[in-house]
Structures are given as C-alpha cells and as structure tokens.
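According to my numbering, the sequence shown is numbered sequentially starting from 7. Note that CB positions come from ideal geometry on N, CA and C, so glycine has one too.
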Amino acid sequence: RNASTDIDAVFYNPAGLTKFGDGFHFSINNQSIWQTQTIENTFPYLNNSSYEGTISAPVFPGVYAAWKKGKVAVSVGFNPVGGGGGATFDKGVPLMEVPFSSLVPALSPLGVSGYNMDMKFQGSSIYWGIQAGLSYEINENISVFAGARYIIAKNTYEGYIKNVTVTTPSGDAAPGAYVQGVSDQAAGGAVMATGAADGMQPIIDGGGGAFTLAQLEGAGMITAAQRAQLEGGLVAAGVPQEQIDAMNAGQVQGAYYQASTELTATSQYLAGQAAYLSVITADQEADVVQKGNAITPILGVNVSLMEDKLNFGIKYEFQTNMDLTNEVNDNKGFVMGMDPATGEKEYMFVDGDKVNADIPAMLSIGAQYEIIDPLRVQLGLITYFDKGAGWAKDDAGLSLIDKNFMEYGLGLEYDITEKLLASAGLLLTRTGVNQAYQSNLSFSLSTNTFGGGFAYKINDKFTAQLGAYYVTYLEQTYNETYALDAENIVNYTETFDKETFGLSIGIDISL
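Given below as structure tokens:
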C-alpha cells in the first residue's frame with residue numbers, strides 16, 4: 007500500500023492524496039487481531055517447559071479524513087502505530103520462574119527436591135498516532151507532503167507470584183521458613199557440641215586426657231551410654247569411626263569445639279539465606295504503567311507516470327525520540343532480588359525510572375502499476391533504521407541490532423466487476439535484532455504474512471471493505487546460561503515463536 011492513491015494513503019502515501027477528486031474523503035475501519043506467543047525453555051529445574059501467551063485485540067481502529075481542493079489536500083488520521091492488545095501468560099514467563107526453580111539445586115543439600123508456585127503475568131501495549139499534514143501537487147506528475155504524527159504511548163504490566171514452596175522430606179514448606187528451621191537446628195547442634203566439649207574438661211583435669219573413649223569407659227570414668235553418646239555426636243559431625251577409636255579425650259574435646267564453630271557458622275549463613283528467601287519468595291503483585299509521548303515529522307513524495315498507470319510513493323518518517331516513565335503502584339514492581347549488604351529489594355520495575363522507547367526512522371517506497379485495465383500490481387519496500395534508536399545498545403554499550411528491520415510487500419488487485427474488487431497480498435519482514443535484544447517481555451521475529459480481501463462499491467459515495475490475514479513467524483532458538491553460583495553454570499535453550507490472525511472491516515466515504 008506504499009503507493010496507494012485511495013483514502014488509506016493518508017497513512018501509507020500521503021503525498022498521493024492530490025490524486026483524489028475535489029471534496030471530502032473518509033475511511034473508518036477496524037481490525038480484530040488474535041495472537042499466540044510461545045516461549046519454550048529447557049532449563050532443567052523448571053516445572054514447565056512451555057509458556058503460552060494469548061493476545062486479543064478486537065478493536066484496532068483506523069480513521070482517516072482528507073479534503074482536496076485543486077492542488078492542495080489536507081489530511082488527518084488516527085490509528086495505532088504500535089502495540090495493540092495485551093498478552094496474558096497464565097503460567098507466567100520463564101524469566102520470572104527460573105530463579106525460583108534454581109532453589110532446588112541450591113537447597114538440595116538440605117533435602118529439597120522440588121518447588122511449587124502460582125504465577126500469572128499479562129502485559130499490554132498501545133501507541134496511538136494522531137497525524138495531520140498538507141499535500142501539494144507541483145505538477146500533474148509530482149506531488150509532495152509534509153506533516154507530523156503525535157504519539158501517545160502506554161504499556162501496562164500486571165501479574166502475581168504467590169504460594170512459593172519447596173518440597174522437603176517433611177512436606178512442602180515456604181523456602182525461608184524451611185531454611186530458617188535448618189538454621190535453628192544447626193544452632194541447637196552448636197550448643198550441644200559446646201556442652202559436650204565442656205563436659206570433657208573434668209575428665210581431662212582428672213588425668214584422663216590421654217585416654218581413648220574406650221579406655222575411659224574401662225577405667226570407669228565414663229559410662230557405656232556416655233561413650234556411645236560422644237561417639238554418636240562425632241559421627242554426626244562427620245568424623246569416621248576409625249578415627250574416633252584412636253582419639254584421646256583432649257582430641258575428642260577439640261573435635262567438639264570445632265564442630266560447634268562450624269555449626270554456628272552454618273547457622274548464621276542459613277539465617278541470612280532464610281531472610282533473603284523470605285523476601286524474594288513472599289507473595290507479590292505487579293501493577294505497572296509506562297507512559298510517554300512524542301512527535302514524528304513526516305515527509306512524502308508521489309510520482310505518477312504513463313497517465314497515472316504507474317505510480318510511485320515515497321515516505322520518510324523521522325526518528326521519534328521517546329522515553330516511557332514507570333508508574334509503579336504501591337511498590338508492586340516485582341521483586342527480583344535483594345542486596346545482601348543493605349537488605350534493599352531489587353525490583354524489575356522501579357517507580358520513576360525511564361525506559362527508552364524510540365520509534366526508529368523509516369523509509370517506505372512503493373510502486374503501483376496497472377498491467378491491464380482490471381488488474382493492478384503493487385510492490386513495497388520499507389526500511390526501519392533501528393540502529394539509530396536509543397534502545398539499539400544495552401547499558402554496556404553493546405549493540406542489540408545486527409541490521410535494520412526490512413519489509414517486502416507484493417499485492418494484486420483485480421476488478422471482478424465495476425462494483426467488486428478482490429485483492430491478495432504477501433508481506434515478508436526480516437528482523438535484524440541479535441540474541442541480546444530478545445527477552446520474554448519483548449522479542450522480534452521475522453514473518454511471512456498472507457492476506458486477501460474484497461471491496462464493494464455500494465454507490466458513488468460509499469465503498470465497503472473486508473479483509474483477512476494470517477501471519478507465520480520464523481521461530482528462533484538461542485543458547486542461554488544461568489549461574490547457580492560462581493562455580494555452577496547451567497546451559498539451556500530458549501525458543502520464541504508467535505502466530506497471528508486478523509480480520510478487518512471498513513467503509514470508505516467520498517463526498
């Protein structure tokens with residue numbers, strides 16, 4: 007549609023509006039869009055390997071109006087230029103679940119064998135565009151356009167994480183409470199070890215310091231029960247029985263003091279872990295809105311040749327520099343961690359933070375040619391200059407874009423009768439992002455879109471439009487790593503895919 011000279015040229019080829027007859031021209035249309043997003047993740051500790059998000063946008067409207075008089079056309083348009091609808095992941099997304107699943111290997115030395123949690127995540131995005139501009143016919147072959155579009159952007163994120171538990175030998179338990187219980191057991195063991203060591207002192211002072219436990223029992227300095235209790239405590243502390251048999255009373259005392267020190271350190275470490283886990287695994291919600299606005303300058307040129315049988319449309323939209331500001335309600339920004347030094351929570355979304363959301367500059371070039379009287383062919387090429395956008399590099403300055411996003415379009419229109427037109431089209435897009443760009447919250451894939459439709463001329467003033475399209479996406483699989491700790495790195499893969507179907511209906515009016 008990049009060389010359109012119909013009313014949708016308000017958006018696609020505004021310089022071509024001078025080809026209209028004098029008067030007012032309008033279009034009111036709507037698309038209903040359904041999409042499925044799928045993320046496959048092979049992280050070995052996840053309970054789920056597939057996460058599906060569904061999007062429904064029953065209202066995706068477009069309203070165009072133009073007034074043409076002589077060589078001048080004035081136009082306005084209103085339609086979404088980005089986003090549209092919202093995705094709901096009933097099981098959440100792997101990005102948020104992987105840290106919880108990693109509790110299993112981290113706590114396996116404490117007997118943890120699994121985890122459970124309830125999670126849901128949904129997001130929506132809509133960029134409304136309000137466009138206005140002026141077209142002017144330089145001569146019968148060339149016309150130009152200058153205008154601008156005001157962008158109103160809004161993203162929302164909502165969801166929850168709750169009922170996080172780990173599977174233990176004694177049943178399911180909250181991670182923080184379970185680890186604190188183990189910490190308390192270690193602290194109790196340290197007290198018992200100190201008591202046992204202190205209890206050896208009278209025996210040592212009484213001259214039994216060089217005796218083994220067996221010799222102390224034989225000399226009547228300890229009972230058989232006391233000997234069994236002392237040996238059992240050492241075995242529990244990890245001392246081999248053979249070594250215990252050869253230890254004298256002084257060495258036994260030293261071993262118990264050592265065990266007390268180690269158990270105290272373990273208890274303190276686990277208490278810190280328990281406090282951390284109690285924070286990050288507590289029930290929480292997300293309630294986030296991101297808002298921003300900006301202006302896009304637009305220029306266009308239309309060239310008609312061969313008595314209008316061949317038409318070229320060129321449009322350039324300048325880069326739209328825009329930041330979105332987080333509005334987080336009641337600190338509901340999803341806790342993703344905690345600073346162990348300060349105890350401060352680390353959020354995925356922080357109130358007041360700004361997120362770059364530049365809309366890249368774009369160049370569209372189109373051609374429309376009437377092969378024979380009832381048949382027209384249309385070609386389109388669009389380049390999005392992603393490399394110039396503020397989000398094209400990460401915080402470290404590394405590029406997220408390997409090449410600019412491209413669109414290639416082919417369309418055919420055939421006048422079945424004077425009143426009925428049929429059309430079919432193919433649109434190929436090729437993304438240029440690299441792996442560092444892709445995330446569970448936003449990923450870009452190449453697509454193949456197949457569309458078709460009909461237009462019926464009710465009378466000289468009204469034309470009805472009906473269309474449908476189906477979009478297939480080229481799934482992408484990436485190798486990922488996750489650090490359980492400084493020494494244990496887990497390798498896994500993540501696959502992104504989508505599927506989209508749309509229906510459209512509209513009415514064009516010329517007065």
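query, result
"T42 to G89 span [Cα, whole Å]", "14 Å"
"Contact under 7 Å by Cβ, Q137 with T94", "no"
"Residue closest to K74, alpha-carbon to alpha-carbon, out of P67, V82, I320", "V82"
"Pairwise C-alpha distance: G431 and A183", "60 Å"
"Reduced DSSP secondary structure (H/G/I, E/B, other) of L404", "coil"
"Residue(s) in a DSSP beta bridge with G353", "Reading off the sequence, residue 353 comes out as Tyr, not Gly. According to DSSP, which records beta bridges pairwise, Y353 is partnered with V341."
"Stretch-stretch touch, CB-based, cutoff 8 Å, three pairs: the segment 142-151 with the segment 284-294", "no"
"For Q325, three-class secondary structure by DSSP", "coil"
"Expected contact under 8 Å - CB spacing of I513 and I34 to nearest Å", "6 Å"
"Short Cβ contact (7 Å threshold) for V172 with V118", "yes"
"Backbone CA spacing between Q482 and T501 [nearest angstrom]", "6 Å"
"Contacting residues, own chain, Cβ-Cβ under 8 Å from S450 (five flanking each side not counted)", "F411, T437, V439, Y443, Q444"
"Simplified DSSP state of V197, which is helix, strand or coil", "helix"
"Status (buried if at least 16 other CB within 10 Å, exposed otherwise) for P246", "exposed"
"7 Å Cβ cutoff met for Y353 and G339", "yes"
"R1 in three-state terms, based on DSSP", "A query on residue 1 cannot be resolved here, the shown segment of the chain reaching from 7 to 517 and no further."
"Short Cβ contact (7 Å threshold) for N19 with G319", "yes"
"At least 3 beta-carbon pairs within less than 8 Å: the segment 353-362 vs the segment 325-336", "yes"
"A102, DSSP secondary structure in three states", "A quick correction: the sequence has Met, not Ala, at residue 102. Note: M102 maps to helix in three-state DSSP."
"Rounded straight-line distance, which links the Cα of P346 to that of L416", "57 Å"
"Contacting residues, own chain, Cβ-Cβ under 6 Å from G508 (five flanking each side not counted)", "Q37, I39, Y475"
"contact_flag[the segment 263-277, the segment 188-202] where n(CB pairs < 8 Å) is 3 or more", "yes"
"F151 versus Y462, G22, A265, S284, residue with shortest Cα-Cα distance", "G22"
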